[in-house]
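Asker:
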Amino acid sequence: MTDSSPKGDAPKSAPTAPVTQDVRTFPRKVEATDKINLVGLTRPALREALIEIGTKEKQAKMRAGQIWQWIYQKGVRDFDLMSNLAKDYRALLAEKCEIRVPEVVTKQVSEDGTRKYLVRIAGGHEVEIVYIPETDRGTLCVSSQVGCTLTCTFCHTGTQKLVRNLTAAEIIGQVMVARDDLGEWPKLGEANPPKVRLLSNIVLMGMGEPLYNFENVRDAMKIAMDPEGISLSRRRITLSTSGVVPEIWRTAEEIGCQLAVSFHATTDEVRDVLVPINKRWNIEALLEALRAYPKVSNSERITFEYVMLKDVNDSDEDAHRLMKLIEGIPAKINLIPFNEWPGAPYQRSSNNRIHAFADIVHNAGYSSPIRRPRGEDIMAACGQLKSETERARKSKKQIEKEAGLG
Ligand code: SAH
Ligand code: SF4
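Here the numbering used here is used: the first residue of the sequence shown is 1, the next is one more, and so on.
(1) N216 and T167 - do their beta-carbons sit closer together than 8 Å?
(2) With burial defined as no fewer than 16 other Cβ atoms inside 10 Å of the residue's Cβ, what is the status of Q66: buried or exposed?
(3) Near A265, what residues of its chain come up, given a Cβ to Cβ distance below 6 Å and the 5 sequence neighbours on each side ignored?
(4) With distance defined between alpha-carbon atoms, name the residue in V196, T106, M225 nearest to G40.
(5) Comparing alpha-carbon positions, which option in G256, I223, M323, F263 lies nearest P294?
(6) So if DSSP puts G206 in a beta bridge, which residue, or which two residues, is it bridged to?
(7) If we count Cβ pairs, one from each stretch, closer than 8 Å, do we get three or more for the stretch 59-75 versus the stretch 340-356?
(8) Specify the secondary structure class of N37 as computed by DSSP and reduced to three states.
(9) Exposed or buried, what is Q174 when buried is set at 16 or more other beta-carbons lying within 10 Å of its beta-carbon?
(10) Could you round the C-beta distance between I36 and K96 to whole angstroms and report it? I think they count as a contact, below 8 Å.
(11) For L199, count the other beta carbons within 10 Å of its own beta carbon; 16 or more makes it buried, fewer makes it exposed. Which is it?
(12) Should I333 be counted as a contact of ligand 3 given a C-beta to heavy atom distance under 7 Å?
(13) How about the stretch 231-244 and the stretch 119-135: do they share at least three Cβ pairs that are nearer than 8 Å?
(14) Shorter than 7 Å, the distance from the beta carbon of V275 to the closest heavy atom of ligand 2, or not?
(15) Cβ-heavy atom distance between E215 and ligand 2 below 7 Å?
(16) When you compare only the Cα positions, how much space is there between L259 and M205?
(17) How is the alpha helix (DSSP H) around K58 delimited, first residue to last?
(18) Using DSSP with H/G/I as helix, E/B as strand and the rest coil, what is K222?
(19) What's the call for V196, buried or exposed, on a 16-neighbour Cβ count within 10 Å?
(20) Using the beta-carbon count (16 or more within 10 Å), is P227 buried or exposed?
(21) In whole angstroms, give me the CA-to-CA distance for N334 and A364.
(22) Answer yes or no: do E209 and C148 have a C-beta to C-beta separation smaller than 8 Å?
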């Protein structure tokens with residue numbers, strides 16, 4: 001899900017746990033409570049919640065700051081461990097509030113060190129999170145929705161029928177769950193943030209279209225960036241969108257993270273089929289928003305994701321057309337060899353084709369990394385995410401029809 005690193009060696013920053021095929025199953029239970037979950041609340045909302053349970057208004061801001069640090073800096077889940085709060089106040093918190101993160105159902109570790117977690121959230125829904133260790137960083141691929149309404153024809157997630165937006169708690173909770181598993185909460189006396197980070201980058205490239213769940217994604221990413229907590233720089237967070245144009249402007253203004261866009265085609269005719277949202281906002285409208293993005297967000301290059309589909313979008317003409325379209329936009333082109341899934345209506349372009357395409361992009365002066373599929377043995381690669389438990393799926397016929405092959 002991130003750029004390929006030139007060497008596929010064991011990463012320096014990789015977790016110390018054995019890198020083997022490892023499936024663990026945890027008991028499933030998500031009981032409903034009427035307690036207020038403090039996870040995922042913005043700072044002002046946390047303060048309000050504390051007032052609601054009886055905290056004096058004058059003290060609420062300070063208490064919110066203290067609790068914030070316990071939750072996001074130290075990873076504490078038990079109010080009783082919050083030693084700078086009075087005992088009876090801790091008891092009040094425990095009675096009225098909770099610190100709830102998604103529950104890990106299974107964890108798989110790929111031969112290449114990629115970890116995939118299946119987590120369970122309220123309502124019994126399940127989403128996947130993928131952790132990808134690389135030489136110089138560790139990237140967490142986070143989901144923003146259960147399923148996706150957008151039905152891109154090459155994407156497994158798009159074949160899932162059921163869709164629900166994740167709450168901000170469920171989104172930032174994925175980061176917290178991964179930090180738990182990586183053992184990355186600082187122990188007493190250790191530096192925070194840690195000097196070498198196992199989880200150093202977040203990409204919103206899991207299940208779902210993040211810009212169809214804008215507020216929750218924004219609030220969760222604000223928490224991830226908060227310097228008194230998980231403290232990741234906005235330059236280490238990349239949001240990938242299929243092209244929800246109005247929300248691209250908002251992303252620039254209200255989040256300011258790095259942007260990746262699922263481009264995938266160089267004519268509206270082809271993009272209408274591959275990324276159907278193109279029928280609403282076509283290539284021209286998308287490019288206009290992308291041109292403005294770096295300035296408005298003060299960010300660097302935009303990543304153009306381009307999935308390589310045999311005989312669909314992978315010709316030399318496509319590469320040349322792509323170069324023409326993005327002229328003037330600071331960009332990096334991330335070529336993604338298509339990851340197959342059962343019933344997929346496409347095939348991966350040949351290696352030669354991918355390299356020929358990459359050469360044209362490279363010769364035009366753009367960086368053109370070919371994304372090395374990670375975690376394929378555990379179906380953790382891009383576009384393969386789809387929880388098995390969400391059984392309802394579209395028929396092969398319907399998928400083919402949407403792809404114009406029926
Ligand atoms: N909904 C967002 C983010 C999630 S998808 C988006 O579409 O951008 C993350 C990336 O994986 C996107 O670029 C998506 O187009 C790509 N992808 C989806 N299915 C894929 C597949 N089967 N093979 C390779 N890449 C895929
Ligand atoms: Fe949704 Fe992205 Fe998959 Fe398209 S590629 S169906 S937008 S998750």
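The beta carbon of each residue, even a glycine, is placed where N, CA and C say it ideally should be.
Answerer: Short version:
(1) yes
(2) exposed
(3) The residues are R271, L274, N313.
(4) M225
(5) Restricting attention to G256, I223, M323, F263, the CA atom closest to the CA of P294 is found in G256.
(6) Partner(s): none; G206 has no beta bridge.
(7) no
(8) strand
(9) buried
(10) 6 Å
(11) The residue is buried, with at least 16 neighbouring Cβ atoms inside 10 Å.
(12) Of the ligands this structure carries, namely ligand 1 and ligand 2, none is ligand 3.
(13) no
(14) Yes, since a heavy atom of ligand 2 falls inside the 7 Å radius drawn around the Cβ of V275.
(15) no
(16) 11 Å
(17) 57-68
(18) Here K222 carries a helix assignment [DSSP, helix/strand/coil].
(19) Within a 10 Å sphere around the beta-carbon of V196 sit fewer than 16 other beta-carbons, which makes this residue exposed.
(20) exposed
(21) Distance between the alpha carbons of N334 and A364 is about 14 Å.
(22) yes
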